[in-house]
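Chemist: Structure below; questions to follow.
Numbering (our numbering), first residue to last: 3 to 111.
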């Protein structure tokens with residue numbers, strides 16, 4: 003399962019669009035070694051999160067991208083509604099992360 007192709011980025015290079023996945027696909031990817039990333043606020047994370055998820059709030063994604071591993075490390079992102087996870091996925095792809103998947107909301111898990 004590879005992300006679909008999107009249009010060119012600001013540097014003129016085509017980047018894959020973040021793949022939107024469902025809970026079953028997300029669990030399979032995580033079981034195969036993908037890193038699960040919660041891009042909600044620390045308070046939202048503290049109120050409840052998916053076991054094993056790393057909390058990297060959307061506003062810290064660029065600064066903390068080094069915590070996510072190699073750029074070819076599969077990443078599964080989620081938030082409350084799907085808006086922040088989609089934005090975070092785009093930011094990470096702009097940094098060169100190649101296997102970024104968007105679960106959307108935590109409830110999709």
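Glycine is no exception: its CB is placed at the ideal position from the N, C-alpha and C atoms.
(1) What is the DSSP secondary structure of residue 22, reduced to helix, strand or coil?
(2) Counting beta carbon pairs with one atom in the region 80-95 and one in the region 61-68, are three or more of them shorter than 8 Å?
(3) Just mark residue 72 as buried or exposed, buried being the case when its beta carbon has 16 or more other beta carbons within 10 Å.
(4) Give the DSSP-derived three-state secondary structure of residue 106 in the structure shown.
(5) Using only alpha-carbon positions, find the residue among 84, 99 and 89 that is nearest to residue 25.
(6) What residue does the alpha helix (DSSP H) around residue 86 start on, and which one ends it?
(7) Can you grab the Cα-Cα spacing for the pair residue 51 / residue 30, in whole Å?
(8) Expressed to the nearest angstrom, what Euclidean distance is found between the alpha-carbon atoms of residue 27 and residue 79?
(9) Cα separation between residue 77 and residue 101?
(10) On the DSSP bridge list, what partners appear for residue 77?
Modeler: Quick look at the numbers:
(1) Indexing the chain shown from 1 puts residue 22 at position 20. Three-state DSSP puts residue 22 in a strand.
(2) yes
(3) Within the chain shown, numbered from 1, the residue matching residue 72 stands at position 70. Taking all protein chains shown into account, residue 72 has fewer than 16 neighbouring C-beta atoms within 10 Å of its C-beta and is therefore exposed.
(4) As a working mapping, residue 106 is identified with position 104 in the chain shown. Of the three classes helix, strand and coil, the one that applies to residue 106 here is strand, per DSSP.
(5) By one-based count along the chain shown, residue 25 stands at place 23. Comparing Cα positions, the closest option is 84.
(6) Mapped onto the chain shown, residue 86 falls at position 84. Here the alpha helix (DSSP H) through residue 86 covers 85-96.
(7) Counting from one through the chain shown, the residue named residue 51 turns up at place 49. Counting from one through the chain shown, the residue named residue 30 turns up at place 28. Roughly 18 Å separates the two Cα atoms.
(8) In the chain shown, the residue the question calls residue 27 occupies position 25. In the chain shown, the residue the question calls residue 79 occupies position 77. The alpha-carbon atoms of residue 27 and residue 79 are separated by roughly 12 Å.
(9) Along the chain shown, read from residue 1 onward, the residue named residue 77 stands at position 75. Along the chain shown, read from residue 1 onward, the residue named residue 101 stands at position 99. C-alpha separation (whole angstroms): 6 Å.
(10) Translated into positions along the chain shown, residue 77 becomes position 75. BP columns for residue 77 point to 37 and 102.
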